[in-house]
Amino acid sequence: MRKIKKIKYSKLFIIIIFTYIILQIFINIIGKNMKTLIIKSETIDLKINAKGLIIRDEYLVKSDNSGNIKSIAKNGEKLKKGDTLAVIYNDSKNLEKNKNKISQLNKEIEELETEYKNSKSGLNKELIDTKIKTKIEQRAILNNKNNENINYLNMSTSGVLSNKYDGYEDIYTLDKLEDLTIKDIEEVENNFKKIDIEDTFIKESDVVARIIQSDYSYIAISIDNNVFEENQKVEIVFDSNIIEGIVEKIYTNEGNDVIIFKISNQNVEIYDTRVEEFDIIYKQIDGLKIPKQSIDEINNQKGVYVLNQETKRVNFTELKNIQYEDDEYVFIDYYKNQKEGLKTIQMYDEIIINPNVINKNIKISRW
Numbered sequence: 001m002r003k004i005k006k007i008k009y010s011k012l013f014i015i016i017i018f019t020y021i022i023l024q025i026f027i028n029i030i031g032k033n034m035k036t037l038i039i040k041s042e043t044i045d046l047k048i049n050a051k052g053l054i055i056r057d058e059y060l061v062k063s064d065n066s067g068n069i070k071s072i073a074k075n076g077e078k079l080k081k082g083d084t085l086a087v088i089y090n091d092s093k094n095l096e097k098n099k100n101k102i103s104q105l106n107k108e109i110e111e112l113e114t115e116y117k118n119s120k121s122g123l124n125k126e127l128i129d130t131k132i133k134t135k136i137e138q139r140a141i142l143n144n145k146n147n148e149n150i151n152y153l154n155m156s157t158s159g160v161l162s163n164k165y166d167g168y169e170d171i172y173t174l175d176k177l178e179d180l181t182i183k184d185i186e187e188v189e190n191n192f193k194k195i196d197i198e199d200t201f202i203k204e205s206d207v208v209a210r211i212i213q214s215d216y217s218y219i220a221i222s223i224d225n226n227v228f229e230e231n232q233k234v235e236i237v238f239d240s241n242i243i244e245g246i247v248e249k250i251y252t253n254e255g256n257d258v259i260i261f262k263i264s265n266q267n268v269e270i271y272d273t274r275v276e277e278f279d280i281i282y283k284q285i286d287g288l289k290i291p292k293q294s295i296d297e298i299n300n301q302k303g304v305y306v307l308n309q310e311t312k313r314v315n316f317t318e319l320k321n322i323q324y325e326d327d328e329y330v331f332i333d334y335y336k337n338q339k340e341g342l343k344t345i346q347m348y349d350e351i352i353i354n355p356n357v358i359n360k361n362i363k364i365s366r367w
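Residues in the sequence shown are numbered from 1 upward in steps of one, following our numbering.
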């Protein structure tokens, strides 16, 4: 009977040992394959995405006459006051005839002048001279007629020439910046049309060009929670380019804050854009970047499980001084924690990425 009991106890002992070994193997496998992350300090851009309405110091140039037009300046060219944009020919048929006549007169005058030089007779020279004067007078009359049929469109101010316009030039102006509403910003769409006037016939009051006068433009956005203050410097991302800006004005409209940014016209493409989605970087911060999937909550305290490098056990560590968070990460103000001597997560701590009931209660192996 005792022998049977001893055999039973021996089997039970073997089962316990075997179960323990299997459990340890299982724990070691989990520990070796545990996903962890070493926390480091990172610099991040705090930004918002918003639809922006662009306002410029600009005006449209319109034709004073009807006729065939020829462009002189090029799109995107920076012009001075008085520079010629285009020429309008009122009567192109007569103009062309007169040009041909002038060309012929120039040829005849040149031939007569050569004949005058080679002539030895004083009387003959006098006759030739009279012919030259007559033809010069005829040429002057034709030039005057042509000048009467030519109109020059000159720059009234300095500025950059654009061959596109959208009809909002007189609506969204600099003197109406503080009259902008949320509706203006949300409902306006890009509707730029190309001004194709090269060697075409135009009518009086047709748009010939758009002139952007200033080196600065303005962007208006509307947001629920304002993170800006006047005179604050920002960076505005447009078409993968970063444009420096400053907060020019903040005012409230219909319960939302309207922010006006002043930017330099560094990117020519922004000349032909009325509305755009912008990423606006308003602050840069340094901090410890913690994946949200690593965070657990115990007794209303958010924290992570930090691996003790000596014991290979994990300890729950509360996160303190969370200065920013988005959908995927939280950022800890590491330097403030260091200054205040708070017991919390440290730089180069190793944390469990996906804590669960098993991995946060076992000894983690690394061999």
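Built from N, CA and C at the ideal position, the CB exists for glycine as well.
Cα atoms of D64 and I221: separation of roughly 37 Å, rounded to the nearest angstrom. According to the DSSP secondary-structure assignment, F316 is paired through a beta bridge with Y305. Counting the other Cβ atoms within 10 Å of the Cβ of L127 gives fewer than 16, which makes it exposed.
Within the stretch 154-229, the runs of beta strand (DSSP E) at least 3 residues long that lie entirely inside it are, in chain order, 159-162, 200-202, 207-223. Within the DSSP bridge table, the entry for T252 names D257 as partners. For Y334, the enclosing alpha helix (DSSP H) stretches over residues 334-340. In this structure I353 does not touch I219 by the C-beta definition: roughly 40 Å separates them, more than the 8 Å allowed. Boundaries of the beta strand (DSSP E) harbouring Y282: 275-291, taken from the DSSP string. In this structure L342 is exposed. Its beta-carbon is surrounded by fewer than 16 other beta-carbon atoms within 10 angstroms.
Following the DSSP letters along the chain, one finds D45 inside the beta strand (DSSP E) bounded by residues 41-62. Between the stretch 170-190 and the stretch 40-58, the count of C-beta pairs closer than 8 Å reaches three or more; the two stretches touch. With a 10 Å radius around the Cβ and a threshold of 16 neighbouring Cβ atoms, I15 comes out exposed. The secondary-structure analysis by DSSP pairs E325 across a beta bridge with V330. Per DSSP, the unbroken beta strand (DSSP E) holding T84 starts and ends at 84-89. The criterion of a C-beta distance shorter than 8 Å is satisfied by K51 and E186. V247 and K99 have their C-alpha atoms spaced approximately 57 Å apart.
Rounded to the nearest whole angstrom, the C-alpha separation of L180 and N190 is 17 Å.
Nearest to E77 by alpha-carbon distance, out of S41, S162, K135, I223, is S162.
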